[in-house]
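Single-structure report; data block below.
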Amino acid sequence: MSDLSLEDLQGKTVRLSDFEGQVVLINAWATWCPPCVAEMPDLQAYYQAHQDENFTILGINAGDPPSKAAAFVSQQGITFPILLDPNVDLLTSLGVNSFPTSILIDATGVVQSIHIGMYTAQELDAAITPYLK
C-alpha cells in the first residue's frame, strides 16, 4: 500500500510508513456514524490487548471538526492514534465511501482485508490475531 500522511489531533503529521513492520488496522470513522461509535469500545479493547504485539490501529476521522473528533476521543477513552481527513480526500482516494470501513495491512505492508461495516470483538480477533507475531 502506498504511504499516506495525515495530521493527528495534536497537529503532528503521521505517516503509514511510521508503522513499517507492524500490523496496522486503518479504521475510517466519524462521530455522526452510529455503527462507528458502537464499534469504538471493541476497537479500543482490542488495541489495548494487542498494542505490545507489533500492532496498531490508525483511526482516520472522516470530516468532523477537529474539536468534535477530539472531544469524542477523550470521552470514549481512545488511546490509539486518531488522524484527521477534513475533506475526506484521503479516504475517498482509498475507495472508502461507507463508514465504518477498516483496512488490515500486514507487517509486510500488504493489504490483507477490507471490512465494510462494524467489527464485533469476535470478528476483530478472527481477522487480525492470525497476523500478529
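Heads up, the sequence shown is in my numbering, so the first residue is 63 and it goes up one at a time. Glycine included, every Cβ here is placed at the ideal spot set by N, Cα and C. Being a predicted model, the structure only gives us computed values, none of them experimental.
Length of the line joining the Cα atoms of threonine 93 and histidine 177: On the sequence shown, position 31 is the one that residue 93 refers to. On the sequence shown, position 115 is the one that residue 177 refers to. Distance between the alpha carbons of threonine 93 and histidine 177 is about 19 Å.
Alpha carbon of aspartate 168 to alpha carbon of arginine 77, nearest angstrom: Residue mapping note: residue 168 aligns to position 106 of the sequence shown, counting from 1. Residue mapping note: residue 77 aligns to position 15 of the sequence shown, counting from 1. Rounded to whole angstroms, aspartate 168 to arginine 77 spans 16 Å at the Cα level.
Bounding residues of the beta strand (DSSP E) (the contiguous stretch that carries aspartate 147): For the purposes of this step, residue 147 is identified with residue 85 of the sequence shown, where counting begins at 1. Per DSSP, aspartate 147 belongs to the beta strand (DSSP E) from 144-147.
Reference histidine 85; option with closest CA among Thr154, Asp114, Gly157: By 1-based counting over the sequence shown, the position of residue 85 is 23. Correcting the residue identity first, residue 85 is valine in this sequence and not histidine. Among Thr154, Asp114, Gly157, the Cα nearest to that of valine 85 belongs to Asp114.
Cβ neighbours of tyrosine 181 in the same chain (closer than 8 Å, five flanking residues each side left out): Reading the sequence shown from its first residue, position 119 is the one you call residue 181. Contacts found: Glu101, Asp104, Leu105, Pro162, Ser164, Ala189.
Closest residue to serine 67 among Ala183, Gln184, Gly157, Asp151 (Cα-Cα distance): Indexing the sequence shown from 1 puts residue 67 at position 5. Looking at the Cα atoms, Asp151 is the closest of the given residues.
Segment limits, alpha helix (DSSP H) that includes serine 129: In the sequence shown, residue 129 corresponds to position 67, counting from 1. Unbroken alpha helix (DSSP H) run through serine 129: 128-138.
Euclidean distance between Cα positions of phenylalanine 134 and aspartate 147: The residue you call residue 134 lines up with position 72 of the sequence shown. The residue you call residue 147 lines up with position 85 of the sequence shown. Cα to Cα, the separation comes out at about 16 Å.
Limits of the alpha helix (DSSP H) - the one that serine 175 falls within: Counted from its first residue, the sequence shown places residue 175 at position 113. Serine 175 -> not in any alpha helix (DSSP H); beta strand (DSSP E) instead, spanning 173-178.
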